[in-house]
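Enquirer:
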Amino acid sequence: RKIRFSIFILVPVILFSAPNLFAETAPEEFSKWKCRLCPEYTGWYGDLAFGLGYASDDSLRFGDYRGQQESGFYLALDGNLHYRNPEGLYFDMYVRDLGLQSRKLEMRGGRQGSYQLRFAWSEIPKYRGYGAQTPFLGVGGAELTLPADWQPSFNTGGMTALDSSLANVQLKTLRKTLDLGLSVNISRSLEYKVDFQQQKKKGSRAFGGGSFFSNSTLFPAPVDFATNQFNMSLGWTGKRSYLRLGFIGSWFDNGKNSITWQNPFTASINNQYFRSALEPSNDFYQFNLSGNLSISPRVNLSSQVAIGRLQQNDPFLPYSINPTYSDMPLPRANLGGSMDTSTFNVSGKLTARLSNKLSFTARARLNDRDNKTPVDLYTPVTTDLFPAAARYNRPYSYKRGLYSADLRYRPHRIVRLSGGAKLESLERTLQAISDSDELTWWGELKLNPLAEVQFRVKLETAKRDVSKYIQPDDGGPAEHPLMRKFNQADRERDRLRIELDLTPLQGLGINLSFFQAEADYTESLIGLQNSTDQSYSINLSYALGSRLSFYAFVSRDDIDARIAGAVSTLAEPWNGNTSDSISTTGLGLSTAVSENSSLGIDFVSSASKGSVAVRTSLQEDPFEPLRTNLQNIRFHFTHQFSENWGYKLYAEHEAYDSQDWALDELGVDGINSILTMGVESPKYRAWYFRIQANYRF
17 RKIRFSIFIL VPVILFSAPN LFAETAPEEF SKWKCRLCPE YTGWYGDLAF
67 GLGYASDDSL RFGDYRGQQE SGFYLALDGN LHYRNPEGLY FDMYVRDLGL
117 QSRKLEMRGG RQGSYQLRFA WSEIPKYRGY GAQTPFLGVG GAELTLPADW
167 QPSFNTGGMT ALDSSLANVQ LKTLRKTLDL GLSVNISRSL EYKVDFQQQK
217 KKGSRAFGGG SFFSNSTLFP APVDFATNQF NMSLGWTGKR SYLRLGFIGS
267 WFDNGKNSIT WQNPFTASIN NQYFRSALEP SNDFYQFNLS GNLSISPRVN
317 LSSQVAIGRL QQNDPFLPYS INPTYSDMPL PRANLGGSMD TSTFNVSGKL
367 TARLSNKLSF TARARLNDRD NKTPVDLYTP VTTDLFPAAA RYNRPYSYKR
417 GLYSADLRYR PHRIVRLSGG AKLESLERTL QAISDSDELT WWGELKLNPL
467 AEVQFRVKLE TAKRDVSKYI QPDDGGPAEH PLMRKFNQAD RERDRLRIEL
517 DLTPLQGLGI NLSFFQAEAD YTESLIGLQN STDQSYSINL SYALGSRLSF
567 YAFVSRDDID ARIAGAVSTL AEPWNGNTSD SISTTGLGLS TAVSENSSLG
617 IDFVSSASKG SVAVRTSLQE DPFEPLRTNL QNIRFHFTHQ FSENWGYKLY
667 AEHEAYDSQD WALDELGVDG INSILTMGVE SPKYRAWYFR IQANYRF
């Protein structure tokens, strides 16, 4: 902490000592630049808000991304600090929620038109698995063990020491991000830019592994990720063109590359422990070149080319931790994973002056992923008990092409017509289909009969044709010969969007919108059959000068899908229907109570329902609906009682309720063959209050 605090103090010093580093760059002449309406600031200025916040209840869901997960008091510290001088030197610092785990600090400074230095630090907490419990010891590490008095059993009902061994566990990750950056204007037309980001994520998350053919265990696995990314570019800008050469490097490292856990079920002496690999460390590099050329006011061309490579060569674990198979020879020491990526993107715009009414745009984009990972024969050991049939790894590759052309025509001042076509071509390797083509046609009409009315309607129809569907022989379980994966199946899809914007009064805006999409998988006898997506929304906003603003909105989304299934030609067929609906309403008010006081209120309510019904010849009842219900209201008040001093009040109440039949009331042993962590759907009510003194200088 002392080291980090020292770094924060040194950053402003570095920012202002930087002029000596770039003294050879001639400063821009700013004396002739005047802005009559701009406030003139010189020297230091800013504001600081400091005080206390209070959370009324413990709630991991309420603290998700916010850092207010526990009841009690929190330091409430926010602020801005700025510096300007006539020579163009500047410095900006922004502090947000410094007393919470969702804190953020940003700094930037330099000389206008010459250089800029950047620094940022942020932390974001994420919580999963509400109400999680586990009997395992060593949570957060790479090896989990059970208590010394643990009594294994063939099912969870016979684990007599389970209740006494359970301990609460937080499935939480904390992401910390450091950003550093530098931009230098080498000349009026040449700019060099470099950015570095280090992101670290630590904590625990749910993980699972099976034993024998029916038992499984869920437990907390460690998260110890570190990602370093380096971006560098050199850009040239001319009167009618620009060119930019860039490099991106990304390095991911997993500090815990495997997890070992003790088997809680009755097993042989060789199956007392299990082990699984976690995400492997990997690297990515890319060189890119982008440019734009305005040939004339009528013709504009832009293009981007990028080539890169992904690599992964972490050492393999043995096939099994089971001593019987731990010495089985692997075909190689590591995957030797390597994938080359290339992107070519070109777009142009041609404007034909037919009374300034017609324009044309064409675009093309090519993506190529060439997976050069070596192919070898592997013999996995199923649940560390039985060697499976040997199989080859399958390094998937693809080539994707996106081509589009648009026409826009304005026959009258109140009418705008546009339309176009888009073709997506995809070639795959080692998958059920070798290639697919999807052609999309669209048209749009815009009407402005009055200054207060704008109407838009857009129609789109698309058809995807795929090559012959052949089930890949990849060593996995055989699928029904009539089954089609939804992303590799023939499909017809239609979309409709209608929007109406009204401004009946000055300051009053109304937006009405409707969207519908229907998709039919015409050749899929087994698999996803069709889906429908509909949404409606009404948005209203009103502003009375600068003293009062009001908004309100209502939206509804409905998503339905039908699936047909059968494991094999001899199996009992079934049909599944899913139906999801989301309703959201909200409103807000912001007003200036007086010259020195302002008040704001925001409210949002959202409810969702998901229904899943599976029909077979046995006529089973549908699953219980999945439900969520969220209500949130926020109140904020500010008052400035002198030129420098004021205060801020903030209050927030949130109520959340959810229902999930797959989680609720099962506990850790609700399923005989699976030891879970007893996760429940979150339910809570919480208040958060904050009072701050505000000082401006």
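Last residue of the sequence shown: 713 in my numbering, with the numbers rising by one and none dropped. From the three backbone atoms N, C-alpha and C, an ideal C-beta is built for every residue, glycine too.
(1) Leaving out five residues on either side along the sequence, give the residues of the same chain with a beta carbon under 8 angstroms from the beta carbon of I337.
(2) Around the Cβ of Q635, are there at least 16 other Cβ atoms within 10 angstroms (buried) or fewer (exposed)?
(3) Measuring straight from C-alpha to C-alpha, what distance separates G436 and T477?
(4) Straight-line CA distance for F773 to N688?
(5) Which word fits P238, buried or exposed, when buried means at least 16 other C-beta atoms lie within 10 angstroms of its C-beta?
(6) Look at the Cβ atom of R325, then the Cβ atom of D356, and state whether they are nearer than 8 angstroms.
(7) Based on the DSSP output, what are the partners of M175 in its beta bridges?
(8) Once the 5 residues before and after S674 are set aside, which same chain residues still bring their CB inside 7 angstroms of it?
(9) Please report the Cβ distance between I575 and Q504, rounded to the nearest whole angstrom; I am assuming they are in contact, meaning their Cβ atoms lie under 8 angstroms.
(10) Looking only at its chain, what residues have a beta carbon closer than 7 angstroms to the beta carbon of I311, apart from the 5 residues adjacent to it on each side?
(11) Just list the residues that DSSP pairs F471 with in beta bridges.
(12) Under 6 angstroms Cβ to Cβ from F46, same chain only, skipping five residues before and after it: list those, please.
(13) Here's a check: name, in chain order, each residue in its chain whose Cβ is nearer than 8 angstroms to the Cβ of I23, leaving out the five neighbours to either side.
(14) Since Q278 contacts N304 with CB under 8 angstroms, what's their CB separation in whole angstroms?
(15) Give every residue of the same chain whose Cβ lies closer than 8 angstroms to the Cβ of N710, excluding the five residues on either side of it in the sequence, and list them in chain order.
(16) Quick check on the DSSP output: the alpha helix (DSSP H) that includes G79 runs from which residue to which?
(17) Taking 8 angstroms as the threshold, find out whether the region 234 to 251 comes into contact with the region 201 to 218 through three or more Cβ pairs.
(18) Where G492 and V397 are concerned, what is the direct C-alpha to C-alpha distance, given to the nearest angstrom?
(19) Mapping the DSSP letters down to three states, classify S336 as helix, strand or coil.
(20) In the structure shown, what three-state DSSP assignment does I140 receive?
(21) On a CA-only basis, which of Q522, R480, L446 is nearest D489? Give me that one, please.
(22) Are there any heavy atoms of the ligand HEM lying less than 7 angstroms away from the beta-carbon of D73, as far as the coordinates show?
(23) Report the three-state DSSP secondary structure of N612 (helix, strand or coil).
(24) I'd like the span of the beta strand (DSSP E) that includes T243, first residue to last.
(25) Comparing alpha-carbon positions, which option in H428, A580, Y552 lies nearest S599?
(26) Per DSSP, Q327 is paired with what?
(27) Pairs of beta-carbons, one from the region 208 to 217 and one from the region 106 to 125, closer than 8 angstroms: are there three or more?
(28) Quick one: is D165 buried, meaning 16 or more other Cβ sit within 10 Å of its Cβ, or exposed?
(29) Judging by CA-CA distance, which residue of R432, Q647, S441, D330 is the nearest neighbour of L418?
(30) In this structure, does DSSP put S627 in helix, strand or coil?
(31) Take D596 as the anchor and find which of S627, S622, S621, N244 has the nearest alpha-carbon.
(32) Helix, strand or coil for Q320, going by three-state DSSP, please let me know.
(33) Can T233 and N286 be called in contact, C-beta distance under 8 angstroms?
(34) Give me the DSSP bridge partner(s) of N710.
(35) Cβ of N298 within 8 angstroms of Cβ of F268?
Expert: Looking at the atomic coordinates:
(1) T276, Y289, F290, R291, D400
(2) exposed
(3) 11 angstroms
(4) Here the chain has residues from 17 to 713 only, and residue 773 is not among them.
(5) buried
(6) yes
(7) Answer by DSSP bridge pairing: none, since M175 is not bridged.
(8) R643, T644, S697, P698, K699
(9) 21 angstroms between Cβ atoms; not a contact.
(10) L317
(11) L463, L516
(12) No answer about F46 holds up, because its pLDDT of 49 lies below 50 and its placement is not dependable.
(13) Residue confidence for I23 is low, a pLDDT of 37 falling below 50, so the modelled location carries little weight and cannot support an answer.
(14) The Cβ separation is near 48 angstroms, so there is no contact.
(15) D63, L64, A65, T654, Q656, W661, G662, Y663, K664
(16) 76 to 79
(17) yes
(18) 14 angstroms
(19) coil
(20) strand
(21) L446
(22) The ligand HEM is absent from the structure shown, which contains no ligand whatsoever.
(23) coil
(24) 231 to 253
(25) Y552
(26) D299, S354
(27) no
(28) exposed
(29) S441
(30) strand
(31) S627
(32) strand
(33) no
(34) A65, G662
(35) yes
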